[in-house]
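Below is one structure, written out as structure tokens; the observations come after it.
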Amino acid sequence: MGINKKITSFITECEKQLAPVFQSYDDVLMFNQEKVLLAMQKNRLAEKHFQTTTGYGYTDEGRDITEQIFADVFGAQRALVRPHIVSGTHAISTALFALLRPGDTLLSITGAPYDTIRTAIGINGGYEGQGTLADYNVAYKQVDLLKDGSFDLENIKASIDATTKVIYIQRSTGYSMRNALDIASIETIINFVKAIKADVLVIVDNCYGEFIEEKEPTQVGADLICGSLIKNPGGGIAPCGGYIAGTNHAVSLAAARLTSPGIAFEVGANLGVVRSYLQGFFLAPKVTNQALKSAVLNAQAFSNLDFEVFPKANAKRSDIIQAIVLKSREQILAFCKGIQAASPVDSYVTPLPWDMPGYESEVIMAAGNFISGSSIELSADSPMKEPYTVYVQGGLTYEHGKIGTMYAMQEMGLHNIL
Ligand SMILES: *Cc1c(COP(=O)(O)O)cnc(C)c1O
């Protein structure tokens, strides 16, 4: 298929090294597949639930059962799962505005949040007066993770005061060079902050984290988790949307914020997405597993070639993102060109960096997807700045992820050094 033989045999060697790692992800997959199946059976999902509704969507059984199934799988009391939540950013910002009031403080304990969330909070300049949290007089504090990626307990304790209403945790790496947080450390830190201030509410940005482990943050004390349906939980099938899950109290506030106080959960026609949401959710444990294996293959291949990678191939993961330090603008362009060429859609175009709304520096994005912008499908992106790190994620099948890795290597000319 035009892939250099040196690359294919190199990748076969990498796969041999990865057998035990792959096995551990398959064990998690088995557990989560059954978890989703049981939730669908328990709620007596039936053909009738796949009906399209329009207009207000009062008594929309398909929407309601979808939300109950998500809640059950995430170990939450309640969930909002809607096409009207337009993205992960919208889910998270809805959750923040739902729980915070003027005079309250939001405390992030995992350092700077994802770029678009910083904009919503009001810490990225240039958006003053557009209705950021800062415009509503919500204060923001941040405690960075320590160098080794662990929580800075001392500073977290010192930063919590009477105004601290919400503690914010970002599970995944986003565009930072740290390992993702696993569920065990999320559990420990939630217990720690709730021991300091019992009524504090914990929001976890769960983007990319779903189905990596057997539990989700809502099963270890988080009040709310938020995510995007064009990432892990949509299974590559959901056409758009986001979810917010958690306690009755917190999700009810989010519903009132998403729609309007009083009508909260009761409105929002499903527009025909129920079948794809639930079929995608059913496939999501497997699709996430395939994306994980694709990420691990990238880690193994590029570290065998002496590139710095985060996380390492055998590290404990909590998201599907693989960061690879490529060191130069040219190598980033070549890597992304290879991923694009390996795509089923738009394979013939060359990705270029651009000024994306809500982001601070130029960003390049490579993806040729069935669902536009879906990053559970194979995709790569990179902010065009030092140290020229590319973030690669997704792969609806492991085999496709593997083809992407080989195309990217070839585009970078790496067969010449094998
Ligand atoms: C993708 C992502 C977001 C934002 O999601 P969008 O759907 O792109 O708006 C937020 N946080 C993290 C960690 C993400 O990966």
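Under the numbering used here, the first residue of the sequence shown is numbered 1159, with each subsequent residue one higher.
Glycine included, every Cβ here is placed at the ideal spot set by N, Cα and C.
Item: Sufficient close CB pairs (3 or more, under 8 angstroms) joining the segment 1350-1360 to the segment 1314-1333; Value: yes
Item: Serine 1452 Cβ short of 8 angstroms to ligand 1 heavy atom set; Value: no
Item: Residues bridged to alanine 1103 [DSSP beta-bridge criterion]; Value: What is shown of the chain runs 1159 to 1576, which leaves residue 1103 out entirely.
Item: Segment contact, 8 angstroms Cβ cut-off, at least three pairs: the segment 1510-1517 with the segment 1525-1538; Value: no
Item: Leucine 1257 versus lysine 1315: straight-line alpha-carbon distance, rounded; Value: 21 angstroms
Item: Arginine 1475, DSSP secondary structure in three states; Value: coil
Item: Exposed unless 16 or more other CB atoms sit within 10 angstroms - verdict on aspartate 1477; Value: buried
Item: Cβ neighbours of isoleucine 1165 in the same chain (closer than 8 angstroms, five flanking residues each side left out); Value: Met1564, Met1567, Gln1568, Leu1572, His1573 and Leu1576
Item: Buried versus exposed call for alanine 1626 [16 or more other C-beta atoms within 10 Å across all chains shown]; Value: Nothing can be reported for residue 1626, as the shown portion of the chain is limited to 1159 through 1576.
Item: Residues bridged to proline 1541 (per DSSP); Value: Val1521
Item: Beta-carbon proximity of leucine 1382 to alanine 1500, cut-off 9 angstroms; Value: no
Item: Tyrosine 1366 - DSSP class collapsed to helix/strand/coil; Value: coil
Item: Simplified DSSP assignment, three categories, for glycine 1420; Value: coil
Item: Heavy atom of ligand 1 within 8 angstroms of cysteine 1494 beta-carbon; Value: no
Item: Distance CB(alanine 1449)-CB(alanine 1473) smaller than 9 angstroms; Value: no
Item: Where arginine 1487 falls: helix, strand or coil (DSSP); Value: helix
Item: Three-state secondary structure assigned by DSSP to cysteine 1172; Value: helix
Item: Extent of the continuous alpha helix (DSSP H) to which isoleucine 1388 belongs; Value: Run containing isoleucine 1388: none; DSSP gives neither H nor E here.
Item: Buried versus exposed, by CB contacts within 10 Å (16 or more), leucine 1195; Value: exposed
Item: Check whether alanine 1442 and glycine 1367 have beta carbons under 9 angstroms apart; Value: no
Item: Of the residues Leu1411, Leu1311 and Asp1185, the one placed nearest isoleucine 1421, counting alpha carbons only; Value: Leu1411
Item: Integer-rounded CB distance, given that valine 1467 should sit under 8 angstroms from phenylalanine 1460; Value: 5 angstroms
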